[in-house]
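Trainee: Mind having a look at this structure? Questions to follow.
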Amino acid sequence: MLNKRNLISKLPLNQRAIALVWLALVALFVAMLGKQWLYSEHAPVETNILKLLPKNQQNPVAEQAFETVSNSMSDKVVFLLTAPEEDSLFSAATELTTALQGTQLFDQVTGKISAEQQKQWAAYYFEHRYQQLTPEQRQRLTNTPQEQVQLVVQSIYNPFSGVTGQELKNDPFLLFRDYLAQVSAQNSAFTLKNGFLTTNFQGQEYVLVTASLTDSPYSLAAQQGVADIKQIEQQIEETFQATIHHTGVLFYAEFGTESAKSEISTIGLFSLLGVIGLFVIVFRSVTPLALALLSISIGLLAALAVTTWLFGRVHLFSLVFGASLIGVSIDYAFHYLTERLADGEQWDSRKGLTHIFAAITMGLATSLIGYLGMLIAPFPGLQQLALFSSIGLIAAYITVVAWYPILAKKPSPSRPLPGESLWRWWLNVWSKPTYRIALPIICLVATAYPLSQLRYDDDIRQLQAMPDSLKRQEQRISEVSGLKSSQQMLVVTAHDDESLMQKLEAITPQLDKWQQQGVIKQYQSLNQFLSSELMQQQNFTLIAHLYKTQAKTLAASLGLVETPDFAAEFSPISLQAYLANPVSEPIRFLYIGQFDDSVASVIVLTELSNPELVMSWAQEDNSISYLNKAQDISLLFAKYRTHVMELLALAIIIISALLIKRYGLQHAIRIVLPSLIACIAGLAAASALGSTLNLFNLLALILIIGIGIDYTLFFAEKSRSHSTLLAITLSAITTLLSFGLLALSDTHAIHSFGITVLSGIFVAWLLSPLAINLKDETQ
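Each residue of the sequence shown is one higher than the one before, starting from 1 at the first, in UniProt numbering.
In structure tokens form, the structure reads like this:
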């Protein structure tokens, strides 16, 4: 401690002040990080991929609708069981239900439905039976009410109809059984057997068990429970020779989190090992390694603290890219420490900083110009990524400027630079005009064919890894149950609940027509389960008229002693009363609720064959919006891809203007040209390896421009090219190692990003000596 104080006291006042201020700020970052991570109930890590995406500013009602439906569906977990023997199947389903309830992961597990629950469900609808009719019943009672008598007679004399005397007494025209059958069919394709929801598919019997999560599927606590679920399934499968399929957002989110953790640890570990290996080989000293790890650590620490502070939570996606920051933030350290190595016993720590200060400052500025475009875009994922990277680079830069002159004051032993003969040979190659012209041209020619095969794919699903095992299970459950998740929906708004229900009823004929034409496979709407109060009044009137005109005919046809009478009074069910009843629980997500002066509901559409037709139809009515979140985000990705290209072009123009002012036009062109060729090479390499390109490939170009111009700037600023080439080579190796590992990612977007950076940075390094001013070198 005494030595450190003496060391600081010998520095100029401004250097000491900078060092102490930065020390205070680093202490603040540590305190912030401790509060955010150690004293928080849950680690502030966001795993929901949708949180990377911008909100729909054009239609906030549509955004609210999507969030409501998404949250409702994402909390659900579905299990489908089958077994060779029926007894084993129901025993396995009972065991699974009990075991899942014991995990504390779920606030509700629905397996066996008790007789009491079944009665309550049927009783609710039976109580209001005089106000509900199926569309077919409504049409029949309006046009040919006498046909209802014939249907009753046919059912009575059909031995398989199951009509009992009590049912006939309570519902003489058998209207309720058809309505109840319709409501049940709209809920699912399953029927009750032994209290379980069962269905038969391809000669096999299946049982459905569903559960609702206590926590969000994106919470780490819920995801940690996936291992328990898999263990339960394995035990039941072994005990009852059963097969269990499962699906739900929870399983995909858990896979994505584990993949991201694996990638973070892999990238971070191998980047760190690469840095350590390089320092051991090149510097052969603990001090340079310690200094490098210090700047890396402070860069990551500051980035994490500030990002968490501003955004509340840091996304795993940012952490994956943040792990790659190691390869970039080390650049400033490499240039300072190679200066120290080259000077040997003549080393002066302050002069060393002066010697590289302009180059590393210009390098930081060019990198930040690139990130600025992402930071100002209204895209949370890009903003967080840009902020994380920018803060990390700034912190690593300040650490070098503020502390390295203090901590690296002692000179290193004098010895030749590692690989000096190799560096000399390579620079001699670049001193020949033939090679200075030929190498860039060769790189451009090599990219010609891959660039002609360039294809863009902005599909949002590229952001998430989709393991085959989960996709197969989801497909099987979908085939057996007919349950399919859909992000395609119509959002309907109205002034109040009654107007909303009437609007939904007005839309229904068009939906039925599309269903018959195969435009949609099926749809789910609130009015399939509850009629508007106006429709309830009409139904009530039709049923009353049926009793008035056909009761005597029915009594005569069936030989009834008493003629059925109609003594009910109209008692409408409001939408809010229905939603408050437990029977509405499966479809409550369809009601969005109050929004400003309107109320809204969604109609979920499944398997659209012609979404353009539905979209154009919806545009004709201001109260109806077509919403396809995946398509909307994919279109948004395409839009931002164009914006990023524009921002990239603007960044290059600004950087070029700065360089022209400092170096002149000809020299500035030679500084920028390697990075531009590197960008083209990066895109060509991704295309050549079969990757479709997307927004993230263009984000990779921002990195290539920022890092590539760093390389050429050091050659433009420094006359001792051997040490510069060594520092740039070391920087390139760590960058290639960091971002190259991203190419191994299971997520296509990250994989493609990694390939682009990997090849682009290599070409940027290869061509960077083009920026050497030969006139300065010969002087």
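For each residue, glycine too, the CB sits at the ideal point set by N, CA and C.
Count the other CB atoms, across all protein chains shown, that sit within 10 Å of the CB of Glu263; report buried if there are 16 or more and exposed otherwise.
Mentor: Buried, by the Cβ-count rule.
Trainee: Do the region 14 to 22 and the region 280 to 295 make contact, defined as three or more Cβ pairs closer than 8 Å?
Mentor: no
Trainee: With 16 other CB atoms within 10 Å as the buried threshold, where does Pro84 fall?
Mentor: exposed
Trainee: Mind checking Thr338: buried by the 16 CB within 10 Å criterion, or exposed?
Mentor: buried
Trainee: I'd like to confirm the pairing. Which residues does DSSP put opposite Ser601 in its beta bridges?
Mentor: Val492, Tyr591
Trainee: Could you tell me whether the Cβ atoms of Val69 and Met489 are closer together than 8 Å?
Mentor: Between Val69 and Met489, the C-beta spacing is below 8 Å.
Trainee: Taking the runs of the beta strand (DSSP E) that are 3 residues or longer, which of them lie wholly in the region 392 to 430?
Mentor: none
Trainee: With 16 other CB atoms within 10 Å as the buried threshold, where does Ile702 fall?
Mentor: buried
Trainee: With a 10 Å radius around its C-beta and 16 neighbouring C-beta atoms as the bar for buried, classify Gln166 as buried or exposed.
Mentor: exposed
Trainee: Taking its Cβ as the centre, do 16 or more other Cβ atoms sit within 10 Å of Arg455, making it buried, or is it exposed?
Mentor: Exposed, since its Cβ has fewer than 16 Cβ neighbours within 10 Å.
Trainee: When burial is assigned at 16 or more other CB atoms within 10 Å of the CB, is Met501 buried or exposed?
Mentor: buried
Trainee: On the criterion of 16 or more Cβ atoms from any shown chain inside 10 Å, does Leu767 qualify as buried, or is it exposed?
Mentor: Leu767 is buried by the Cβ-count criterion.
Trainee: Can you tell me the Cα-Cα spacing of Gly225 and Gln234, whole angstroms?
Mentor: 14 Å
Trainee: With distance defined between alpha-carbon atoms, name the residue in Lys35, Glu533, Asp710 nearest to Leu673.
Mentor: Asp710
Trainee: Classify Leu560 as helix, strand or coil using the three-state DSSP reduction.
Mentor: Leu560 falls in the coil class under three-state DSSP.
Trainee: Work out the CA separation of Leu659 and Leu590 for me, nearest whole Å.
Mentor: 58 Å
Trainee: List the DSSP bridge partners of Ile624.
Mentor: Val492
Trainee: By how many angstroms is the C-alpha of Gln36 removed from the C-alpha of Glu258?
Mentor: Looking at the backbone, the Cα of Glu258 and that of Gln36 are separated by about 22 Å.
Trainee: Pull up the distance between the alpha-carbon of Arg129 and that of Ala544, whole angstroms please.
Mentor: 12 Å
Trainee: Leaving out five residues before and five after Tyr397 in sequence, what residues of the same chain have Cβ atoms less than 6 Å from its Cβ?
Mentor: Here the set comprises Tyr332, Leu364.
Trainee: Between which two residues does the beta strand (DSSP E) harbouring Ala211 extend?
Mentor: Counting along the chain, the beta strand (DSSP E) containing Ala211 begins and ends at 204 to 213.
Trainee: Give the secondary structure of Asn773 by DSSP, where H, G and I count as helix, E and B as strand, and everything else as coil.
Mentor: Of the three classes helix, strand and coil, the one that applies to Asn773 here is coil, per DSSP.
Trainee: On the three-state DSSP scale, how would you describe Asn581?
Mentor: coil
Trainee: Just grab the DSSP bridge partners of Thr606 for me.
Mentor: Gln522
Trainee: Between the beta-carbon of Thr247 and the beta-carbon of Val480, is there less than 8 Å?
Mentor: In this structure, Thr247 lies away from Val480, with their beta-carbon atoms at least 8 Å apart.
Trainee: Assess contact between the region 625 to 644 and the region 533 to 541, defined as three or more Cβ pairs (one per stretch) separated by less than 8 Å. Is contact present?
Mentor: no
Trainee: Nearest CA to the CA of Leu180: which residue from His751, Gln475, Tyr124?
Mentor: Tyr124
Trainee: In whole angstroms, what separates the C-alpha of Gln779 from that of Phe357?
Mentor: A caution first: Gln779 carries a pLDDT of 39, below 50, which makes its placement in the model too unreliable to give a value.
Trainee: Runs of 3 residues minimum, wholly inside the region 209 to 245: which ones carry the beta strand (DSSP E) assignment?
Mentor: none
Trainee: Check this for me: beta carbons of Ala386 and Leu375, under 8 Å apart or not?
Mentor: yes
Trainee: Go ahead and label Leu280 buried or exposed: buried means 16 or more other beta carbons lie within 10 angstroms of its beta carbon, across all protein chains shown.
Mentor: Strictly speaking, residue 280 in this sequence is Val, with Leu absent from that position. Exposed, because fewer than 16 other Cβ atoms sit within 10 Å of the Cβ of Val280.
Trainee: Would you give the residue range spanned by the alpha helix (DSSP H) that Leu168 belongs to?
Mentor: That run of the alpha helix (DSSP H) goes 165 to 170.
Trainee: Once the 5 residues before and after Ile18 are set aside, which same chain residues still bring their CB inside 6 Å of it?
Mentor: Ala402
Trainee: State the CB to CB distance for the pair Ser731 and Ile330, rounded to an integer number of angstroms; the pair is presumed to be in contact (CB under 8 Å).
Mentor: 7 Å
Trainee: Please list the terminal residues of the continuous beta strand (DSSP E) segment that includes residue 786.
Mentor: Missing from the structure shown is residue 786; the chain here goes from 1 to 779 and no further.
Trainee: How would you write the range of the alpha helix (DSSP H) that Asn200 sits in, first residue to last?
Mentor: Asn200 -> not in any alpha helix (DSSP H); beta strand (DSSP E) instead, spanning 196 to 201.
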